[in-house]
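Colleague: Structure incoming, see below.
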Amino acid sequence: MFDYLIKNGIVIDGSGASIKKVDVAILKDKIAAIGNLQTKKAKVVIDGEGLIIVPGFIDVLSHSDSYWTLFLLPEQESLVRQGITTIIGGNCGTSVFPIVNVQAIKSVQKWADIEEVNVNWNDFNSLRLYLKVQKVGVNFGSLVGYSTLRRNIIGDEYRNLTQEELEKMKFLFEEEMNNGALGLSLGLAYSHEKFVPFHEFRELIKILATYKGILAIHLKNEGEYLLESIQELKKLVAGFEKNIKLEISHFKSNNPNFYQNFALAIELLEEMKKAGIDINFDVYPYTTIASSAHILLPAWVLNGGRQEMIRRLKDKETRKEVIEELKNKKYNFKNFTIAMANLDSSFIGKRLEEVAENQSVELEEALINLILAAGGRLIYFNDIIQESNLELALSNPLSFVSSDGFGYSADYARKKPDLIHPRCFGAFPRFIKNYVLKKKLMPLEEAIYKLTFGPARKYGIKNRGLIKEKYFADLVIFDEHEIESKADFKNPFQYPLGIKYVFVNGEPVVNNSIYEPKMNGQVISRA
Numbered sequence: 048m049f050d051y052l053i054k055n056g057i058v059i060d061g062s063g064a065s066i067k068k069v070d071v072a073i074l075k076d077k078i079a080a081i082g083n084l085q086t087k088k089a090k091v092v093i094d095g096e097g098l099i100i101v102p103g104f105i106d107v108l109s110h111s112d113s114y115w116t117l118f119l120l121p122e123q124e125s126l127v128r129q130g131i132t133t134i135i136g137g138n139c140g141t142s143v144f145p146i147v148n149v150q151a152i153k154s155v156q157k158w159a160d161i162e163e164v165n166v167n168w169n170d171f172n173s174l175r176l177y178l179k180v181q182k183v184g185v186n187f188g189s190l191v192g193y194s195t196l197r198r199n200i201i202g203d204e205y206r207n208l209t210q211e212e213l214e215k216m217k218f219l220f221e222e223e224m225n226n227g228a229l230g231l232s233l234g235l236a237y238s239h240e241k242f243v244p245f246h247e248f249r250e251l252i253k254i255l256a257t258y259k260g261i262l263a264i265h266l267k268n269e270g271e272y273l274l275e276s277i278q279e280l281k282k283l284v285a286g287f288e289k290n291i292k293l294e295i296s297h298f299k300s301n302n303p304n305f306y307q308n309f310a311l312a313i314e315l316l317e318e319m320k321k322a323g324i325d326i327n328f329d330v331y332p333y334t335t336i337a338s339s340a341h342i343l344l345p346a347w348v349l350n351g352g353r354q355e356m357i358r359r360l361k362d363k364e365t366r367k368e369v370i371e372e373l374k375n376k377k378y379n380f381k382n383f384t385i386a387m388a389n390l391d392s393s394f395i396g397k398r399l400e401e402v403a404e405n406q407s408v409e410l411e412e413a414l415i416n417l418i419l420a421a422g423g424r425l426i427y428f429n430d431i432i433q434e435s436n437l438e439l440a441l442s443n444p445l446s447f448v449s450s451d452g453f454g455y456s457a458d459y460a461r462k463k464p465d466l467i468h469p470r471c472f473g474a475f476p477r478f479i480k481n482y483v484l485k486k487k488l489m490p491l492e493e494a495i496y497k498l499t500f501g502p503a504r505k506y507g508i509k510n511r512g513l514i515k516e517k518y519f520a521d522l523v524i525f526d527e528h529e530i531e532s533k534a535d536f537k538n539p540f541q542y543p544l545g546i547k548y549v550f551v552n553g554e555p556v557v558n559n560s561i562y563e564p565k566m567n568g569q570v571i572s573r574a
């Protein structure tokens with residue numbers, strides 16, 4: 048007898064193959080049988096008539112770890128309820144391990160409130176044990192963040208590593224790859240990596256190549272110098288291209304003056320693919336970004352770290368220089384909205400224009416004032432991605448879909464004044480409803496591949512991402528006529544519609560549209 052039997056459903060198995068009308072049976076944590084199972088028995092029978100059954104969604108760019116909600120809100124409700132069953136952390140140069148120097152955990156401070164951070168592990172192995180005891184609502188795998196590695200060696204210092212220090216960092220990285228980490232992530236736009244010499248990166252990439260692991264890269268520039276950033280990436284991995292798997296994180300063009308370069312940027316990536324490089328990029332289905340405000344500042348202001356940045360911005364003459372450079376950049380601040388910051392809650396949700404007007408200063412000076420007042424931790428929204436570029440990216444065969452968000456809950460929102468990007472509650476249903484079913488950018492089978500087996504194959508996640516016998520029973524059952532993201536920027540704390548069931552390792556966490564937390568997630572390691 049099976050534990051669960053889903054009858055009469057429309058199965059899209061994740062491989063890109065055509066839709067099939069078959070039954071699916073679950074026993075313990077695995078898919079036990081697929082086919083005509085009408086005469087078979089189960090403890091629970093689900094009528095899937097008119098519903099679509101797909102593998103659980105895999106979010107390759109999650110910040111649940113770096114925003115710390117994986118530990119504060121381990122149920123990860125806002126992710127599970129949109130069909131996400133597996134998340135990949137350690138992105139954009141920051142991971143929550145290894146921690147052999149207490150300074151290393153400061154790499155999360157641009158996203159998380161460091162006062163909420165409490166670490167009870169020092170490497171991926173001990174993190175795995177911690178999560179096994181604590182329990183989590185989704186499966187979790189992780190890259191190793193370069194910034195975290197470097198802080199373990201020299202703390203908050205900004206300088207080149209000595210050869211001895213570099214050897215120590217290489218040792219730490221190799222240890223974590225042996226512990227099961229999926230690869231390496233770089234956050235080239237952030238201060239702790241913006242000034243790192245190429246040879247340091249390449250020394251770690253050389254190790255990564257021996258494991259054929261993932262190299263996930265937050266490009267140095269996603270606006271004026273997007274094309275140059277991709278050329279820089281090619282030089283960075285030269286000689287290792289055949290032995291690593293490249294993933295460009297949250298790929299986009301975020302400067303209206305250079306939107307026209309985005310199609311050229313995709314062409315460059317396609318050329319790399321044709322040359323035999325295993326390259327993909329991930330995209331979140333929104334035109335509004337959420338980012339750290341300090342990366343808008345000129346690079347020289349960031350050199351030396353947060354305290355040096357603050358010292359420079361407080362100096363009157365230096366401040367004038369920064370303001371002039373910001374003006375010359377011609378940033379579009381029209382929709383700049385304060386989302387999360389170490390500021391009085393009255394600032395949350397305000398536009399930069401409002402703040403500037405209240406302070407009787409120009410936009411650029413208001414931005415500096417806010418960064419200083421927030422001690423450097425200022426996350427903002429800006430509706431700045433061109434819709435046609437977004438559609439171009441989503442429809443490209445090289446793209447996966449990610450949330451670039453983190454797990455949250457509507458209840459927790461009452462305790463925190465932060466403004467959350469709606470992608471945390473609705474990225475995947477929004478992609479399916481708006482871009483697949485409505486705009487028909489691609490067949491539904493292709494779309495599901497981008498959310499399931501495509502990422503699983505890329506990241507080496509075994510026995511997930513497909514509806515196949517003996518694979519883990521991570522499943523999503525939805526109604527294509529009802530599926531819809533309700534979260535928006537006015538009220539992001541809304542769960543989607545149309546997601547009828549979500550199974551994580553054989554247990555229904557969403558059961559007939561009712562959320563039933565099971566904390567059944569597993570830690571995923573490199574095979």
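Under this note's numbering, the first residue of the sequence shown is numbered 48, with each subsequent residue one higher.
Even glycine gets a Cβ: it sits at the ideal position worked out from N, Cα and C.
These numbers were taken from a predicted model, which means no experiment stands behind them.
Could you tell me the distance, in whole angstroms, from the CA atom of G351 to the CA atom of G553?
Modeller: Those two C-alpha atoms are separated by around 49 Å.
Colleague: Taking only the alpha-carbon atoms, compute the straight-line gap between I524 and Q541 and give it to the nearest angstrom.
Modeller: Using only the alpha carbons, I get a separation of about 19 Å.
Colleague: How far does the beta strand (DSSP E) with K90 in it reach, from first residue to last?
Modeller: Note, K90: beta strand (DSSP E), 89-94.
Colleague: Going by CA-CA distance only, name the one from E275, S300, L311, G260 that's closest to K289.
Modeller: Cα-wise, what sits closest to K289 is G260.
Colleague: What does DSSP give as the partner residues of P555 in its beta bridges?
Modeller: Answer is F550.
Colleague: Identify the continuous beta strand (DSSP E) that holds T133 and give its terminal residues.
Modeller: It spans 131-136 - the beta strand (DSSP E) in which T133 sits, taken as one unbroken run.
Colleague: Just list the residues that DSSP pairs M387 with in beta bridges.
Modeller: Bridge partners of M387: I426.
Colleague: Name the DSSP beta bridge partners of A72, please?
Modeller: According to DSSP, which records beta bridges pairwise, A72 is partnered with L52, A80.
Colleague: For R461, count neighbouring C-beta atoms within 10 Å of its own C-beta (all shown protein chains included) and say buried if the count is 16 or more, exposed if not.
Modeller: Exposed.
Colleague: So E275 packs on N301, CB below 8 Å; how close in whole Å?
Modeller: Rounded, the Cβ-Cβ distance is 15 Å, inconsistent with contact.
Colleague: Distance check for L390 and G422, CA to CA, integer angstroms please.
Modeller: The alpha-carbon atoms of G422 and L390 are separated by roughly 9 Å.
Colleague: Go ahead and label E204 buried or exposed: buried means 16 or more other beta carbons lie within 10 angstroms of its beta carbon, across all protein chains shown.
Modeller: So E204 ends up on the exposed side.
Colleague: Taking the alpha carbon of K77 as the point to measure from, which residue in V92, L52, S65, G63 has its own alpha carbon closest?
Modeller: Closest by alpha carbon: L52.
Colleague: Between the Cα of P502 and the Cα atoms of T132, A236, I432, which residue gives the shortest distance?
Modeller: Of the listed residues, the one whose Cα sits closest to P502 is T132.
Colleague: Where does S435 land, buried or exposed, given buried means 16+ other C-beta within 10 angstroms?
Modeller: So S435 ends up on the exposed side.
Colleague: Is P502 helix, strand or coil by DSSP?
Modeller: Residue state, collapsed to three classes: helix.
Colleague: Around the C-beta of S449, are 16 or more other C-beta atoms found within 10 angstroms, so that it is buried, or is it exposed?
Modeller: It is buried - the Cβ of S449 has at least 16 other Cβ atoms within 10 Å.
Colleague: If distances are taken between C-alpha atoms only, which option among I152, G227, I479 comes closest to I200?
Modeller: The shortest C-alpha separation from I200 is found at I152.
Colleague: Could you tell me if D112 is buried or exposed, where buried requires 16 or more neighbouring beta carbons within 10 angstroms of its beta carbon?
Modeller: Buried, by the Cβ-count rule.
Colleague: Would you tell me roughly how many angstroms separate the C-alpha atoms of N327 and G230, rounded to the nearest one?
Modeller: C-alpha separation (whole angstroms): 15 Å.
Colleague: Taking G473 as part of the alpha helix (DSSP H), name the residues at either end of that continuous run.
Modeller: Here the alpha helix (DSSP H) through G473 covers 470-477.
Colleague: Can you check which of these residues, P464, I467, Y496, L466, is closest to F478 by C-alpha distance?
Modeller: Taking only the C-alpha atoms, the option nearest F478 is Y496.
Colleague: First and last residue of the alpha helix (DSSP H) that includes N225?
Modeller: Element bounds for N225: 210-225.
Colleague: Let me check one thing: in DSSP terms, what residues is Y562 bridge-paired to?
Modeller: Paired residue(s): V557.
Colleague: State buried or exposed for M48, treating a residue as buried only when at least 16 other CB atoms are found within 10 Å of its CB.
Modeller: That one is exposed.
Colleague: Secondary structure at E17, three-state DSSP: helix, strand or coil?
Modeller: The question about residue 17 has no answer here: the residues shown for the chain are numbered 48 through 574.
Colleague: Check whether the region 465-480 touches the region 532-549, taking contact to mean three or more Cβ pairs, one atom from each stretch, closer than 8 Å.
Modeller: Cβ pair count under 8 Å is three or more, so yes.
Colleague: Quick test of your reading: F305 and G227, contact by CB under 8 Å. State the CB separation rounded to the nearest angstrom.
Modeller: Wrong, their Cβ atoms sit about 40 Å apart, outside the cutoff.
Colleague: Would you check if the region 95-111 and the region 136-145 touch, i.e. whether three or more CB-CB distances between them fall below 8 Å?
Modeller: Output reads yes: the region 95-111 touches the region 136-145.
Colleague: Check for me: the beta strand (DSSP E) holding A312 runs from which residue to which?
Modeller: Note, A312: premise wrong, no beta strand (DSSP E); alpha helix (DSSP H) at 308-321.
Colleague: What is the DSSP secondary structure of H265, counted as helix, strand or coil?
Modeller: Three-state result, H265: strand.
Colleague: Drop a sphere of 10 angstroms on the beta-carbon of P244, count the other beta-carbons inside from all chains shown, and report buried for 16 or more, exposed for fewer.
Modeller: Burial call: exposed.
Colleague: DSSP three-state call for A460: helix, strand or coil?
Modeller: Helix at A460.
Colleague: Any idea if P102 is buried or exposed, counting beta-carbon neighbours within 10 angstroms, 16 or more meaning buried?
Modeller: With 16 or more Cβ atoms within 10 Å of its Cβ, P102 is classed as buried.
Colleague: Could you tell me whether the region 82-93 touches the region 422-432, where touching means 3 or more Cβ pairs closer than 8 Å?
Modeller: Short answer: they don't touch.
Colleague: Sort K367, G396, L343 by Cα distance to K376 and report the nearest one.
Modeller: Selected option, being the one with the closest Cα: L343.
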